[in-house]
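Taking the numbering used here, the leading residue of the sequence shown gets 25, the next gets one more, and so forth.
All C-beta atoms in this analysis are idealised placements derived from N, C-alpha and C, irrespective of residue type, glycine included.
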Amino acid sequence: MSVVSPALRHLFENPPRDFGPAPLWWWSGAKVTRERLAWQMRAFAQGGVHNLVVINLAPAGPTFGARADDPAWFGEEWWARFTDACEIAAELGTRLWFYDQIGFSGANVQGGVTRRHPEARGAALRCRDVTVSEGAVVLRDTETPLAAYSAEGRRLDLDVDGPGRVRVPAADGTGVRLVTSVPTAFDYLDPDAVGLLMDAVHHEYDRRVPGHLGTVVAGSFQDELPGTNTWSHRFAAEFRARRGYDLLDHLPALFGTGATAAESEVRADYYAVRAELTEEALFRPLSAWHRERGMLLGSDQSHPARAGYPAQSTQIYTDYFRTHRWYGAAGSDHHGDAKVHSSMAHLYGHERVWIEAFHSSGWGGTLEDTYHWLLPFLRSGANLYNPHASYFGTAGGWFEWAPPSTDWRQPYWKQYPAFSRAVARICSIMSWGSYAADVAVLHPTATMQALLPLDAPVRHFGDGLLGDGHAEADETQRHYLDLCGTNNWLGPRVGALDRRGISFDVVDDDSVQRAKTTDGALRIRDLAYTAVLLPSASVLEEETARRLTELLDAGGRVVVVGRAPATAAGRSRRRLGGGGAGGPIPGWKRGARPRGRRGGRWATRPGHATGRRFRCSSGAGGGESGRAGHGRPFPEIGAHPLRTRHRPRRARGAGVSSVTVRAEVAEAEVWNPATGSRGPARVTVSDDGTHSTIEVPLDGAPAALVVWREGRPVPTRPAREAPARVIDVSAGWHGRLVFYHGQHLG
């Protein structure tokens, strides 16, 4: 029997173009003409680039130090050029993506919508202490009063008393707490407002190039979507309908540190309703528009939500998993983390995970450098590589935006087809089959929602810790990052699970709640987790707690790291593991031990693979498995001037590594995605047949794919090939400076 299925071998030998690089193609720096479009698109195709993301840097006028793009984005001439690009792409077999200009942008699409439709503006909540004077309090310019509260927290009646004044039934000199709303740029919680936004962008593609959507146009990309607004004109009524009480009676609970248990319950309910409204108004309609046209929706969102940081992902997007599970290719740039997004893809059945990289790394990076930099993101599950970037024009090198330009301007361009195939091999194979991990880490969204006040600072950089008054939230953040780590190229953090070679996913509440518990595992789709880790998740959604109890009863494990679960989220909460208000959730026991299972090390189940240097992902069919390996548990390979805190030596991969499989392995192969070479691997089976060791000769490769078939070993072992002859070519070279290919086109 062949070790490899024909389908898997075909992916390696003929990697699909869709899995190759898809660079951001900035229509900036020079006038976009059909002639130059045709030349550049043919140059891309010759260089092995068959996917392009059309984006504008200065879509509506000069910005970021750049001249206005010519033609202006979404003008008649721009649409003529985009139509030209679609026609040329159809001829070349190239796929295009469009950038929606909703996030990072100078287009101000939302501003255009609210200028025409002021009702589409959003709102934010503000809270401040004021003193009653002459029976009233004074409003600031943009404030709309929502409610005022006595020192005891009792809601007071308000009566507008002319411009900028509100009468309050309290004696002069009395201090009251005033909660108001102030306008924000856009209302992402209102379906009507979002409908206007989508009509301005997405439906214009329907009107202009309907025949190319889902064929030539593969999808759209969204970069750094603004944070969702904290209030909306419909929020109070929707909250009352969904949670059964009046939020206006409790608005001060959303602010300040040292919240009581009752205030934490209100916060949890507030965030839950805000997430529901945002999901229904924005994220689901966006997903539906793409799905109905056979297109993907990719993303790299605001930092550090894109790294999965529990605090900031809650502050910016309310519930990161609930909102971004609707993206067919959610991901990040190289400041973010691929693991949280590949987990999302596993849980919700998406094939692609976006990785935009490596903007601002400079002109000196080689293909070898880029390959090394990219590998940690690929091994964490990213499989749609979006190079930043290529520019329509660079004015002979005088114009640049977050360089380099990874195209025909580079001396390595003749070698780019080989690089493109290497990327496509890894990305397509890593999307094949089913991911195998025994361990899940619960993303502590519910805990953060109960803990975080609206006036807490959003820490966009560093470790995201909030500081004084937020000890529990900071502890939860630390424990999550200690377990999971982050890919951040400028400041990588190795998590405890990666350091120990343990495959894992990050899971959300909804996935846990829809899971089945059988045979000691939490089963979601084709995933099976025998252990769930809780990083100081002191607040759980009630149904999550019930499902974890069922996992314990089925013989699985629930491991508490830090603070144990204590309460369920929301005002309808129950105490977990004790007799608090509402009584205990049935079956939940603090410190419960799984029945029928002995303590021990992870990864002891038949068919599981381990290896100090390998992270594994499983293939499907016929007992065959595909595994991806790396030179170190979480390699950050290669120094770079921007990476001042991390200058590890590059792992060249010379020598031999190994993979241990908890089963008998009949035969195995080692595949080098960079060269396309395949070769047999030596397999040693233990005397008792319980595990096998696959020898992995790296031969200088920074990454290798290991493929094997489980079963009774074949009688002969493959012989190692003779080492290649090494020739010293370090001397005798001469060079001269030449113009790059296509100099006449900028």
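Along the alpha helix (DSSP H) that carries residue i, what are the first and last residues, could you check?
i	result
Lys540	Not the alpha helix (DSSP H): Lys540 falls in the beta strand (DSSP E), residues Lys540 to Thr542.
Tyr409	Note, Tyr409: premise wrong, no alpha helix (DSSP H); beta strand (DSSP E) at Leu408 to Pro411.
Glu228	His226 to Arg232
Gln325	It is not in any alpha helix (DSSP H) - Gln325 carries neither H nor E in the DSSP assignment.
Arg571	Glu566 to Asp577
Ser311	Arg308 to Glu316
Val290	Ala285 to Thr302
Ser337	Pro334 to Tyr341
Ala725	Looking at the DSSP string, Ala725 is not in any alpha helix (DSSP H), and its letter there is neither H nor E.
Thr347	Tyr344 to His348
By Cβ distance, which residues of its chain are closer than 7 Å to residue i, with the 5 residues on each side in sequence left out?
i	result
Gly488	Pro328, Tyr333, Ala335, Gln336 and Gln501
Glu114	The displayed chain sequence assigns Ala, not Glu, to residue 114. Here the set comprises Val240.
Gly188	Val162 and Leu163
Pro610	Confidence is the limiting factor: at Pro610 the pLDDT is only 45, short of 50, which leaves the residue's position unreliable, though a coordinate-based value still follows. Correct list: empty, nothing qualifies.
Gly386	Pro427 and Pro428
Asp153	Gly199 and Arg201
Asp293	Arg267, Gly594 and Arg595
Glu424	Thr418
Val297	Glu262, Phe263, Arg266 and Arg267
Go through its chain and collect everything with a Cβ distance to residue i's Cβ below 6 Å, but skip five positions before and after it.
i	result
Gly510	Residue identity check: residue 510 is Thr in the sequence provided, not Gly. Contacts found: Ala331, Asp361 and Arg517.
Ser560	Glu499, Thr500, His503, Gly586 and Arg587
Asp42	none
His348	Ala354
Arg636	Bear in mind that a pLDDT of 30 at Arg636, under 50, signals an unreliable position, so the model cannot answer this.
Val364	Gly332 and Val530
Ser452	Leu35, Pro39, Pro40 and Phe43
Gly318	Gly238
Tyr295	Thr342 and Gln473
Phe210	Gln134 and Gly146
Arg702	Glu693 and Trp695
Gly624	Confidence at Gly624 is low in this model, with a pLDDT of 29, below 50, so its placement is unreliable and the value that follows should be read with caution. So no residue of the chain qualifies.
His654	For His654, the pLDDT reaches just 42, beneath the cut-off of 50, and the residue's location in the model is therefore unreliable, although a value from the coordinates is still provided. Arg403 and Ala727, listed in sequence order.
So, for residue i: in the same chain, excluding its five sequence neighbours on each side, which residues have a beta-carbon less than 8 Å away from its beta-carbon?
i	result
Val77	Ala46, Pro47, Leu48, Trp49, Leu120, Trp121, Phe122, Tyr123, Phe245 and Asn410
Ala555	Asp462, Val463, Ala464, Gly580, Arg581, Val582, Val583 and Trp626
His715	Thr684, Val685, Arg686, Ala687 and Val709
Leu275	Leu149, Cys151, Leu170, Ala171, Tyr173 and Val203
Leu408	Phe43, Ala46, Gly322, Ala353, Gly355, Arg376, Val377, Trp378, Ile379 and Cys451
What whole-angstrom Cβ distance do residue i and residue j have, given they're in contact under 8 Å?
i	j	result
Leu32	Arg66	Wrong, their Cβ atoms sit about 32 Å apart, outside the cutoff.
Ser366	Gly405	2 Å
Ala171	Val203	5 Å
Leu478	Leu278	5 Å
Ala727	Val720	Not confirmed; about 11 Å, so no contact.
Pro737	Val707	6 Å
Phe106	Val233	7 Å
Ile548	Ser527	Actually they are not in contact, since the Cβ atoms of Ile548 and Ser527 sit about 15 Å apart, beyond 8 Å.
Thr254	Ala144	The pair is not a contact, with the Cβ atoms about 16 Å apart (cut-off 8 Å).
His412	His383	4 Å
Ala82	Arg91	7 Å
Trp513	His396	Actually they do not touch by this definition, with Cβ atoms about 11 Å apart.
His74	Thr118	5 Å
Could you spell out where the beta strand (DSSP E) holding residue i opens and where it closes?
i	result
Val200	Gly199 to Thr208
Ser682	Val680 to Val685
Ala353	Ala353 to Asp357
Ile751	Where Ile751 is concerned, there is no enclosing beta strand (DSSP E), given that its DSSP letter is neither H nor E.
Phe245	Val241 to Asp247
Ala480	Careful: Ala480 lies outside any beta strand (DSSP E) and carries neither H nor E.
Arg191	Arg189 to Arg191
Glu262	Element bounds for Glu262: not the beta strand (DSSP E) but the alpha helix (DSSP H), Phe259 to Arg267.
Ser3	Not covered by the structure: residue 3. The range shown for the chain is 25 to 770.
Gly703	Ser701 to Ala705
### Task
Decide yes or no for the touch test of the segment 112-128 against the segment 217-229: beta carbon pairs closer than 8 Å, at least 3 of them.
yes
### Message
Restricting to runs no shorter than 4 residues, where is the alpha helix (DSSP H) found entirely within the segment 94-161?
### Response
100-116 and 133-140
### Query
In chain order, which continuous runs of the alpha helix (DSSP H) of length 4 or greater are located wholly inside the segment 36-97?
58-70
### Task
Please determine if the segment 244-258 and the segment 183-199 are in contact, where contact requires at least 3 C-beta pairs separated by less than 8 Å.
no
#### Entry: contact_flag[the segment 284-291, the segment 302-316] where n(CB pairs < 8 Å) is 3 or more
no
### Query
Would you call the segment 260-277 and the segment 338-348 in contact, with 3 or more CB pairs under 8 Å?
no
### Task
Examine the Cβ distances between the segment 685-700 and the segment 445-456 and report whether three or more of them are shorter than 8 Å.
yes
### Query
Which full runs of the alpha helix (DSSP H) of 4+ residues lie inside the segment 373-452, going along the chain?
391-403
### Message
Please give me, in chain order, every unbroken run of the beta strand (DSSP E) with length at least 3 that falls completely inside the segment 492-538.
### Response
528-531
### Query
Are the segment 131-139 and the segment 255-265 touching by the rule of at least three beta carbon pairs closer than 8 Å?
no
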